[in-house]
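Residue numbers (the working numbering), protein chains in the order written: chain R, 283 to 421; chain F, 202 to 762. Input: a single structure, listed below in structure tokens.
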């Protein structure tokens, strides 16, 4: 049987708006995933360290402060440096479509803006993690 | 608030024959397929009659404007004398960027200023701190020292314009910078009017921009209240805020009860220090959200005034009328806005603002249509300000006081909100008060639960959001709007300005001021004079906050969802 998907939901930076992160964490848990909620005010280094220690399949960042163009690339960079490129980096927040495209080019996964459906992000994480697990196995 | 005495309730026997006839006619036709509930997921009855408000006393429960229990408003003449203050929250980039936006708004008829600070400032970090990287000037203006405050208010007559500042954990320090800037402009402290949000309890509960543990944080709040009462009598040192509690996902009743409970905790803390309730309570102010459910919001505002008046008089012994009246600022609900079909947000904001006005608000911020994407553009802010002006001058609603009083539906809802809030106060008391409930994570869990319940109702289509789960349009149809972009250069420039300030000030004065803050933090004297001395010496926000971090410690919450 497939291992349940493990996800770290984290809030990098100084932003304290945790409504979205908590709602998403609850939805992923109810969809059968194992969810670790990292809490507030985490540095990119601490988030990556936690992701590696907890052996997660995906990291979801919630950023509403406008600092996403700094924080997503930093977390991605630390994941790569830790040899954890296979961990899916996704997330959401107040992020314009243009910025989402730029982040995608840096290797960040799909990002979810205001009005996104929980069902859609559950579906995305399930499919993307399954694809990455298969790729890792055949590699 | 789950029990609703609907028309099919058990009071039928005592109802007149005409009512029974209506009930039969109502029951004979099918209802629309809708949940008939508020945005707080509370059921709404199809009809409310005088029977439902039979227990209300028009004199003691509703009364008249400017008279106890102030259900109809804190002042006798309300908007017939003076409209609400139109106060748009603004701040981004550098102090000079924001100074330009302030002047733009004042030139277009805005009455008061409202400063949004960036996250490093809110968390007590200077722009050059490692935690500030990427956050400087992003969601508000960066103020690292007195020099930034001087630029922010350059050319703004501080004795005439009232200023509201959304700052909490380091509020005392930022307020000290404001006071010193005003003094340097030639103003006297007693001339200054405005508000510091300075509501630390709601930070632990909802907004989560806390630095120190609750006890020293409460001491800082009481220091500012004491200093304001003695030296800055026109200032509102605390704005007891429900806005963020609601945005974090609470229901209307939770917003009402949690906010008022926080306010009563400040009252008790000041009384414990030996302050007379009538010396500080007249300067307490409140700040509520106005969400999309029109009547639920109006009832919430009216209930808030009544609960507050009763408690302040009967529990805390407040004698002056001003101590018993709840005055509040309103902001329309940011969380009700949608990224999809953003022009619809102008309409949502309009009726949310109207609810604030019909609820008797003293000041109002209307959100801009583009705020689900970014900080607002000048054009979007202008429409938001014009929305208030349209309500004020064209709709006619400001011509008469509390026009909804006596509406059976509104009075019944007001009454039920008061009762539900009283039940929550009892729960908080049983837990040992607000701080004990925060430390148990109770508020945080209650809010997270409401937020998740609401989101599930949205996904199930029980809560309708046009553009999101109803009348959706595909991306091609969606109209694109212009957004405000803040250049990343702004952070670099702010850091350069900060380094210039640090290199031109007197190191001896900096050392002396920081030593005094350390001594005073460990004693029991009011910290405000030490903060003002340090601000004058251009000691930075981060330097002052670091001393307090060392002396007070820092706070971390246990993450739960």
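Using N, Cα and C, we set each Cβ at its ideal position, and we do this for glycine too. The model shown is predicted, which means the values in this text are computed figures rather than measured ones.
Straight-line CA distance for residue i to residue j?
i, j, result
"residue 757 of chain F", "residue 346 of chain R", "20 Å"
"residue 368 of chain F", "residue 406 of chain F", "16 Å"
"residue 210 of chain F", "residue 436 of chain F", "Any reading at residue 210 of chain F must be qualified, since the residue scores a pLDDT of 47, below 50, and its modelled position is unreliable; no value is offered."
"residue 379 of chain R", "residue 309 of chain R", "24 Å"
"residue 338 of chain F", "residue 522 of chain F", "41 Å"
"residue 661 of chain F", "residue 235 of chain F", "12 Å"
"residue 682 of chain F", "residue 571 of chain F", "8 Å"
"residue 285 of chain R", "residue 414 of chain R", "13 Å"
"residue 753 of chain F", "residue 378 of chain F", "21 Å"
"residue 425 of chain F", "residue 639 of chain F", "22 Å"
"residue 654 of chain F", "residue 506 of chain F", "28 Å"
"residue 733 of chain F", "residue 718 of chain F", "10 Å"
"residue 394 of chain F", "residue 441 of chain F", "17 Å"
"residue 160 of chain F", "residue 476 of chain F", "The structure shown does not extend to residue 160 of chain F, since chain F is modelled only from 202 through 762, so no value can be given for it."
"residue 231 of chain F", "residue 248 of chain F", "15 Å"
"residue 149 of chain F", "residue 341 of chain F", "Past the boundaries of the shown model lies residue 149 of chain F; chain F is included only from 202 to 762, so the question cannot be answered."
Could you name the residues of chain R that residue i contacts, counting a contact when the two beta carbons are closer than 7 Å?
i, result
"residue 449 of chain F", "301"
"residue 334 of chain F", "352"
"residue 321 of chain F", "296"
"residue 318 of chain F", "Those do not exist, as residue 318 of chain F stays about 11 Å from chain R at its closest Cβ, beyond 7 Å."
Should residue i and residue j be called a contact, given that it needs their Cβ atoms to be closer than 8 Å?
i, j, result
"residue 715 of chain F", "residue 736 of chain F", "no"
"residue 531 of chain F", "residue 562 of chain F", "yes"
"residue 556 of chain F", "residue 495 of chain F", "yes"
"residue 294 of chain F", "residue 691 of chain F", "yes"
"residue 397 of chain F", "residue 438 of chain F", "yes"
"residue 702 of chain F", "residue 738 of chain F", "no"
"residue 327 of chain F", "residue 742 of chain F", "yes"
"residue 304 of chain R", "residue 762 of chain F", "yes"
"residue 418 of chain R", "residue 392 of chain R", "no"
"residue 482 of chain F", "residue 619 of chain F", "no"
"residue 370 of chain F", "residue 413 of chain F", "yes"
"residue 307 of chain R", "residue 317 of chain R", "yes"
"residue 340 of chain R", "residue 377 of chain R", "no"
"residue 537 of chain F", "residue 492 of chain F", "yes"
"residue 315 of chain R", "residue 289 of chain R", "yes"
"residue 380 of chain F", "residue 728 of chain F", "no"
"residue 615 of chain F", "residue 568 of chain F", "no"
"residue 312 of chain R", "residue 350 of chain R", "no"
Considering only residues of the same chain and omitting the five flanking positions on each side of residue i, which have a CB-CB separation below 6 Å?
i, result
"residue 382 of chain F", "350, 351, 354"
"residue 685 of chain F", "575, 576, 578"
"residue 348 of chain F", "702"
"residue 664 of chain F", "658"
Determine the chain F residues that contact residue i at a beta-carbon separation under 9 Å, and present them in chain order.
i, result
"residue 322 of chain R", "409, 757, 758, 760"
"residue 358 of chain R", "Within 9 Å Cβ-Cβ: nothing; residue 358 of chain R doesn't reach chain F, min ~14 Å."
"residue 319 of chain R", "760, 761, 762"
"residue 286 of chain R", "Near residue 286 of chain R there are no residues of chain F at all, since even the closest Cβ is about 17 Å away, more than 9 Å."
Taking all protein chains shown into account, do 16 or more other C-beta atoms lie within 10 angstroms of the C-beta of residue i, making it buried, or fewer, making it exposed?
i, result
"residue 699 of chain F", "buried"
"residue 519 of chain F", "buried"
"residue 213 of chain F", "With a pLDDT of only 49 at residue 213 of chain F, under 50, the local geometry of the prediction cannot be trusted, and the value read off the model is given with reservation. Residue 213 of chain F should be labelled exposed."
"residue 771 of chain F", "With chain F covering only 202 through 762, there is no way to say anything about residue 771 of chain F."
"residue 241 of chain F", "buried"
"residue 544 of chain F", "exposed"
"residue 566 of chain F", "buried"
"residue 550 of chain F", "buried"
"residue 365 of chain R", "exposed"
"residue 524 of chain F", "buried"
"residue 208 of chain F", "With a pLDDT of only 45 at residue 208 of chain F, under the threshold of 50, the placement of this residue in the model should not be trusted, and no figure is reported."
"residue 333 of chain F", "buried"
Which residues of chain R have a Cβ atom closer than 8 Å to the Cβ of residue i, listed in chain order?
i, result
"residue 662 of chain F", "Near residue 662 of chain F there are no residues of chain R at all, since even the closest Cβ is about 11 Å away, more than 8 Å."
"residue 653 of chain F", "304, 305, 308, 309"
"residue 656 of chain F", "305, 309, 400"
"residue 684 of chain F", "378"
Go through its chain and collect everything with a Cβ distance to residue i's Cβ below 7 Å, but skip five positions before and after it.
i, result
"residue 579 of chain F", "305"
"residue 203 of chain F", "The pLDDT assigned to residue 203 of chain F is 48, lower than 50, so where the model puts this residue is not dependable, and the model offers no usable value."
"residue 388 of chain R", "355, 358"
"residue 390 of chain R", "354, 358, 371"
"residue 626 of chain F", "458, 462"
If we define contact as Cβ-Cβ less than 8 Å, is residue i a contact residue for chain C?
i, result
"residue 227 of chain F", "Included in the structure are the protein chains R and F, with no chain C among them."
By Cβ distance, which residues of its chain are closer than 8 Å to residue i, with the 5 residues on each side in sequence left out?
i, result
"residue 512 of chain F", "461, 465"
Listing by chain order, which chain F residues have their CB less than 7 Å from the CB of residue i?
i, result
"residue 298 of chain R", "408, 409, 410"
"residue 349 of chain R", "335, 336, 339"
"residue 397 of chain R", "539, 540, 541, 669"
Report whether the distance from the Cβ of residue i to the nearest heavy atom of the ligand COA is below 7 Å.
i, result
"residue 354 of chain R", "Absent from the structure shown: the ligand COA. Ligands present: none."
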